[in-house]
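As structure tokens, the structure follows; a few thoughts come after it.
2 protein chains.
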Amino acid sequence: MQIGELARSTGVKIETIRYYEREQLLPVPQRTDGNYRLYSPRHVEQLRFIRYCRSLDMSLEEVRILIGVLDTPSGSCQTVNALLDEKIVEVDARVNELHKLQDQLRQLRGHCQQPDEVKTCGILMELNRSAGIDKAQI
Amino acid sequence: MQIGELARSTGVKIETIRYYEREQLLPVPQRTDGNYRLYSPRHVEQLRFIRYCRSLDMSLEEVRILIGVLDTPSGSCQTVNALLDEKIVEVDARVNELHKLQDQLRQLRGHCQQPDEVKTCGILMELNRSAGIDKAQI
DNA sequence: GAAAAGCCTGAAGTGGCTTCAGGGTCAAGG
DNA sequence: CCTTGACCCTGAAGCCACTTCAGGCTTTTC
Ligand SMILES: [Zn+2]
Ligand SMILES: [Zn+2]
Ligand SMILES: [Zn+2]
Ligand SMILES: [Zn+2]
């Protein structure tokens, strides 16, 4: 299986696959006489694993760690648990931030119902006012 | 006021301030004889404006647009409204994604209560299983 | 007069890719 | 046999919003 087919069958761009190889996330594949990469089912599996971890918001460094753990099957899975716990805390925090942001954005948007002149626009006035308040708080 | 004081009074790193100047988000300041930058209250205001917009998740390009709008006070504020509406949609979408992610992470974490061997860890088994399912779905 | 604190510049590094420039390889069609 | 087109290769640069680094100048303080 060459790179194009791997790309099609996983939905990962060819350049990304080559990038993962450079980053040592995918094992170096065999080559044909014409220097084309040749992938095995094991590569397909590992690539899917990487993408699934990425979809869970893990960094490539974290994925690298998980792959390392998988390669020592008799070790403990404590690293994995810690990594997930940390990730959960991170995501929760980010969600809280974004909820606040949603409130702020909607409130700000409410300051201008229909477009008016820049100099009297409630949004712009509010943006400047809020920047000033932040100043007072610091 | 020189750069260190501006940095302290706004909580923005010196390097970031210089970066904003290079990116033309802050007007070029005066210089002392010793070539030190000298800032006016107007700079303070604009820097705060930038940071407040950034805290609302706007890109520097969007901030640049807003600053441009502010500089033409007789124009319409339609750009501002459109920008905010788009931002609200973006943030809502991101929040929905993260909520799904929270569910997935917690469910995954539930697959390993106390650390065991890598080869029997429910989390790792689940990670591999889910990556495989994604495969079947594509 | 020397150390410390503050400032300067230009370049490179970060993450996770994407894009680009400039090629080589291989199967099918004329 | 040759050309077209699909496919593949490499190394380098670009993206964003900064941060870090290397190496040096200015000003203040003891
Ligand atoms: Zn308005
Ligand atoms: Zn208000
Ligand atoms: Zn486990
Ligand atoms: Zn499950």
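Protein chains in written order, with the working numbering: chain A, 1 to 138; chain B, 139 to 276. Ideal Cβ positions, reconstructed from N, Cα and C, are used throughout, including at glycine. The model shown is predicted, which means the values in this text are computed figures rather than measured ones.
Measuring straight from C-alpha to C-alpha, what distance separates residue i and residue j?
i	j	result
Thr-148(B)	Glu-161(B)	19 Å
Asp-103(A)	Met-196(B)	15 Å
Gly-68(A)	Glu-199(B)	40 Å
Glu-183(B)	Gly-132(A)	7 Å
Phe-187(B)	His-99(A)	21 Å
Ser-178(B)	Asn-96(A)	36 Å
Gln-2(A)	Leu-105(A)	47 Å
Val-63(A)	His-43(A)	15 Å
Thr-72(A)	Pro-29(A)	21 Å
Asn-81(A)	Cys-121(A)	51 Å
Gln-251(B)	Ser-268(B)	19 Å
Arg-31(A)	Ala-93(A)	45 Å
Arg-51(A)	Arg-189(B)	34 Å
Asp-171(B)	Lys-87(A)	51 Å
Asp-223(B)	Arg-146(B)	33 Å
Taking C-beta pairs closer than 8 Å, name the residues in chain B that residue i reaches, listed in chain order.
i	result
Thr-72(A)	Val-256
Gln-78(A)	Pro-253
Val-69(A)	Val-256, Leu-262
Leu-98(A)	Val-229, Arg-232, Val-233, Leu-236
Ordered along the chain, which non-local residues of its own chain (more than five positions away) have a Cβ less than 8 Å from that of residue i?
i	result
Leu-185(B)	Leu-144, Thr-148, Val-150, Ile-155, Tyr-158, Leu-164
Ile-203(B)	Thr-217, Leu-221
Gly-4(A)	Ile-14
Which residues does DSSP pair with residue i in a beta bridge?
i	result
Arg-37(A)	Arg-31(A)
Gln-140(B)	Leu-176(B)
Glu-255(B)	Ser-76(A)
Could you name the residues of chain A that residue i contacts, counting a contact when the two beta carbons are closer than 8 Å?
i	result
Gln-240(B)	Ile-88, Val-91, Asp-92, Val-95
Arg-247(B)	Asn-81, Leu-84, Asp-85, Ile-88
Arg-244(B)	Ile-88
Strictly below 9 Å CB to CB, what residues from chain B border residue i?
i	result
Ile-123(A)	Cys-215, Val-218, Asn-219, Leu-222
Leu-143(A)	The requested residue 143(A) is not part of the displayed model; chain A covers only 1 to 138.
Ignore the nearest five residues each way along the sequence and tell me which others in residue i's own chain have a CB closer than 7 Å to its CB.
i	result
Glu-264(B)	Leu-246, His-249
With residue i and residue j assumed to form a contact (beta carbons below 8 Å), what rounded beta-carbon distance in angstroms separates them?
i	j	result
Val-227(B)	Gly-75(A)	In fact, because the Cβ distance is near 45 Å, the residues do not count as touching under 8 Å.
Leu-194(B)	Leu-124(A)	At roughly 13 Å, the Cβ-Cβ gap does not stay under 8 Å, so Leu-194(B) and Leu-124(A) are not in contact.
Leu-38(A)	Val-229(B)	Between Val-229(B) and Leu-38(A) the Cβ distance is about 44 Å, and since that is not below 8 Å, they are no contact.
Cys-215(B)	Pro-115(A)	5 Å
Run through chain A and tell me which residues come within less than 7 Å of residue i, C-beta to C-beta.
i	result
Ser-178(B)	Near Ser-178(B) there are no residues of chain A at all, since even the closest Cβ is about 15 Å away, more than 7 Å.
Cβ closer than 7 Å: which chain B residues qualify as neighbours of residue i?
i	result
Tyr-52(A)	Leu-265, Ser-268, Ala-269, Asp-272
Leu-56(A)	Leu-239, Gln-242, Leu-243
Please return the same chain residues whose Cβ sits closer than 6 Å to the Cβ of residue i, not counting the five positions on each side in sequence.
i	result
Asn-266(B)	none
Tyr-174(B)	Gln-140
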